[in-house]
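Residue numbers (our numbering): 45 to 191. Quick reminder that beta carbons are idealized off the backbone N, C-alpha and C, glycines included. A quick note: this is a predicted structure, and the numbers were derived from the prediction, not measured. Following: one structure in structure tokens, then a few remarks.
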Ligand SMILES: CC(C)(COP(=O)(O)OP(=O)(O)OC[C@H]1O[C@@H](n2cnc3c(N)ncnc32)[C@H](O)[C@@H]1OP(=O)(O)O)[C@@H](O)C(=O)NCCC(=O)NCCS
């Protein structure tokens, strides 16, 4: 099993983002604000030369969290055939290691309710109550403090 993770352009992560997180939506609706920002990092996990998992890290602050050097994880997804085999965890740990070089205070994201347990297993905490993101569904704000 050959796995490697690369920092890539948004165009590389977009097909998996569209298929897994924005199913049925047109490509132009799959972009995030900040996708092309200089400090944004798009990660692609390749297995056997195929992109099987993706994540994007934005330099973006949640107004609900107090600290200064916040990073925002978005668009975390594993292709359906490869879910539950450890790839998501592998990519998440890689993303955390990567931002450590920039002395983060917090990594946060809006987690789909269906994925909350995955993040809890990786030591992220829920903040506040469940809320709805229109057309996507129920979410919780989740975070990890590094201070
Ligand atoms: C959520 C997701 C990123 C997790 O990645 P994955 O590769 O499937 O998960 P892993 O195999 O690395 O799982 C790591 C651990 O979390 C658990 N886990 C994974 N997904 C879970 C889920 N949805 N609910 C509960 N536990 C889950 C696994 O059982 C495993 O537990 P273990 O360490 O005790 O064996 C992936 O399943 C996915 O893309 N799902 C659909 C899209 C999605 O919800 N993305 C997140 C948007 S916020």
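Going by the C-beta, is residue i closer than 7 Å to any heavy atom of ligand 1?
i: residue 67; result: no
i: residue 131; result: yes
i: residue 114; result: no
i: residue 128; result: yes
i: residue 155; result: yes
i: residue 144; result: no
Among the options, which has the Cα closest to the Cα of residue i?
i: residue 177; options: 170, 167, 185; result: 185
i: residue 179; options: 124, 156, 94, 129; result: 156
Are residue i and residue j touching if we call contact CB-CB under 8 Å?
i: residue 134; j: residue 90; result: no
i: residue 66; j: residue 73; result: yes
i: residue 100; j: residue 57; result: yes
i: residue 87; j: residue 139; result: yes
- Let me know the beta strand (DSSP E) ranges lying completely inside the segment 105–146, each 3 residues or longer, listed in chain order. Runs of the beta strand (DSSP E) lying entirely within the segment 105–146, each at least 3 residues long, are 114–122 in chain order.
- Query: Between the segment 61–69 and the segment 103–115, do at least 3 Cβ pairs fall closer than 8 Å?
  - Reply: no
- Whole runs of the alpha helix (DSSP H) within the segment 47–74, excluding any shorter than 4 residues: 54–60
- Task: Counting only runs of 3+ residues fully inside the segment 149–188, write out the beta strand (DSSP E) ranges in chain order.
- Result: 150–156, 169–177
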